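With UniProt numbering applied, the sequence shown corresponds to residues 1 to 123, in that order.
Even glycine gets a Cβ: it sits at the ideal position worked out from N, Cα and C.
Remember, it's a predicted structure, so these values are computed and weren't measured experimentally.
Structure first, commentary second.
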Amino acid sequence: MEHHNDNGTYDLGPMQVNSRWIPDVASFHFGGDRKAAWSAVRDWGCYNILIGTWVFRTYVDEAGGNLAEAVGLYNSHNIIPKLRYQRRFAANYAKLFFGSSKVNNSQEARSATPGFNNQRQNG
C-alpha cells in the first residue's frame with residue numbers, strides 16, 4: 001500500500017509510515033539500501049508496524065509524553081492538518097472503546113487514556 005502526498009512524500013503500508021523515514025530505516029536495517037527499505041516498509045505488514053511504532057515513539061518523545069500531541073505529530077507538524085487528524089483519531093477512539101463517535105472532551109475518555117488529557121504524564 002502506497003499513498004502519494006501533495007508534498008511529494010509517500011505514506012507506506014498499514015501504518016502509513018511516511019517515506020521521509022526511509023533513509024533512516026535503510027541505514028539502520030538495510031545497509032543503506034533505500035529501495036529495499038522502501039519495499040520492506042510498504043510490503044511487510046509486521047515490519048511496517050515495527051517501524052510505525054518506532055516513528056510514533058519519536059513523536060511521543062518530541063511531545064514530552066503527551067500522547068494526543070504525538071498522535072497529531074505522526075500525521076503532520078502543520079497545525080491545521082494536525083488538529084484535524086487529532087479530532088478524527090479521538091472520534092475513532094471514542095467509537096471503538098465507548099460506542100460513540102462523539103468527541104466532547106469527556107472526562108471518561110480522558111481518564112481512560114493516560115496522556116490524552118493534554119497534560120504531561122510522568123512515570
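Quiz item: Expressed to the nearest angstrom, what Euclidean distance is found between the alpha-carbon atoms of S100 and A90?
Solution: C-alpha separation (whole angstroms): 11 angstroms.
Exercise. Could you name the residues that DSSP lists as bridge partners for V17?
Key: L12
Quiz item: Helix or strand or just coil, what does DSSP make of H29?
Solution: Correct three-state label for H29: helix.
Exercise. Give a yes or no on whether the C-beta atoms belonging to G45 and P14 are separated by under 7 angstroms.
Key: yes
Quiz item: What is the rounded straight-line gap between the Cα of D43 and the Cα of Y74?
Solution: Spanning the two alpha carbons is a distance of roughly 20 angstroms.
Exercise. Can you check DSSP and say which residues form a bridge with E69?
Key: Beta-bridge pairing links E69 to no other residue.
Exercise. Apply the 10 Å Cβ neighbour rule to S19 and answer buried if 16 or more other Cβ atoms are within range, or exposed otherwise.
Key: buried
Quiz item: Apart from the five residues just before and just after A40, which ones in its own chain have a Cβ nearer than 6 angstroms to its Cβ?
Solution: Y47
Self-check item: Sheet register partners of E62 (DSSP bridge)
Solution: DSSP lists no partner for E62.
Quiz prompt | L12 burial status per 10 Å Cβ neighbour count (16 or more: buried) | solution = buried
Quiz item: Assuming I51 and V25 make a contact with CB atoms under 8 angstroms, what is their CB distance in whole Å?
Solution: Sure, about 6 angstroms apart at Cβ, within 8 angstroms.
Practice problem: Grab me the residues of Y10's own chain with a C-beta within less than 8 angstroms of its C-beta, minus the 5 sequence neighbours each way, in chain order. | Solution: E2, H3, H4, N18 and S19
Quiz item: If L83 sits next to G65, beta carbons under 8 angstroms apart, how far is it from one beta carbon to the other, in whole angstroms?
Solution: In fact, because the Cβ distance is near 19 angstroms, the residues do not count as touching under 8 angstroms.
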